[in-house]
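Presented below is the structure to which this report refers.
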Amino acid sequence: MDIKSINLPLHAAMVTVALALVACASPEKTPATAAVAVSHNAVENAVSAGAPELAPQEINAAREKMMRANQALAAKDYKTARELAVQAQADAKLAQSKANSAKATAAADALNQDLRVLRQEVDRANSSQ
Numbered sequence: 002m003d004i005k006s007i008n009l010p011l012h013a014a015m016v017t018v019a020l021a022l023v024a025c026a027s028p029e030k031t032p033a034t035a036a037v038a039v040s041h042n043a044v045e046n047a048v049s050a051g052a053p054e055l056a057p058q059e060i061n062a063a064r065e066k067m068m069r070a071n072q073a074l075a076a077k078d079y080k081t082a083r084e085l086a087v088q089a090q091a092d093a094k095l096a097q098s099k100a101n102s103a104k105a106t107a108a109a110d111a112l113n114q115d116l117r118v119l120r121q122e123v124d125r126a127n128s129s130q
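Reading the sequence shown from the start, the letters are residues 2 to 130 in the numbering used here.
Quick look at the structure:
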């Protein structure tokens with residue numbers, strides 16, 4: 002038995018396994034799974050930014066779409082899962098942006114209040130001289 006006759010069945014078996022793997026893998030599953038994972042991270046980031054308190058409608062919409070995307074993924078409806086995951090990610094980013102904006106506005110308002118108090122103190126000190 003020569004090397005070519007040994008390699009031929011091995012090569013055929015490898016090709017068969019590769020074809021079976023390709024047939025089992027859905028081209029839509031990987032992007033949908035990745036999109037759901039990205040949307041999950043986006044929701045977590047928005048929650049960490051304070052979205053439940055500062056942008057409740059947006060974060061609730063993101064959570065609801067993410068839940069529906071997970072259900073679609075479980076049902077192997079990869080197109081719907083991906084679409085919902087992308088929408089959930091957009092809602093989560095909006096919620097995070099609104100939360101960050103609300104925090105920045107509150108910080109600016111507090112700084113302006115501190116400046117007003119400081120100006121009043123300076124004016125009072127200057128008027129008593």
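Every residue gets a Cβ at the ideal spot worked out from N, C-alpha and C, and that includes glycine.
Taking the C-alpha atoms as reference points, what is the distance between residue i and residue j?
| i | j | result |
| --- | --- | --- |
| L190 | A52 | Lying before the first or after the last residue shown, residue 190 is absent from the chain, which here runs from 2 to 130. |
| A63 | Q130 | 60 Å |
| K80 | P32 | 9 Å |
| L95 | D124 | 43 Å |
| L85 | R69 | 7 Å |
| P57 | A91 | 14 Å |
Does residue i get closer than 7 Å to chain C when you measure Cβ to Cβ?
| i | result |
| --- | --- |
| D115 | Structure shown: chain C not included; a single protein chain is present. |
Tell me whether residue i sits in a helix, a strand or coil according to DSSP, three-state version.
| i | result |
| --- | --- |
| S129 | coil |
| L22 | Bear in mind that the predicted position of L22 carries a pLDDT of just 43, short of 50, making it unreliable; the figure below should be weighed with that in mind. DSSP places L22 in helix when its eight states are reduced to three. |
| D110 | helix |
| A50 | coil |
How far does the alpha helix (DSSP H) with residue i in it reach, from first residue to last?
| i | result |
| --- | --- |
| E29 | Where E29 is concerned, there is no enclosing alpha helix (DSSP H), given that its DSSP letter is neither H nor E. |
| A62 | P57 to A75 |
Should residue i go down as buried or exposed, given a rule of 16 or more other Cβ atoms within 10 Å for buried?
| i | result |
| --- | --- |
| K99 | buried |
| K66 | buried |
| Q72 | exposed |
For residue i versus residue j, is the C-beta distance shorter than 7 Å?
| i | j | result |
| --- | --- | --- |
| A47 | Q88 | no |
| A50 | A93 | no |
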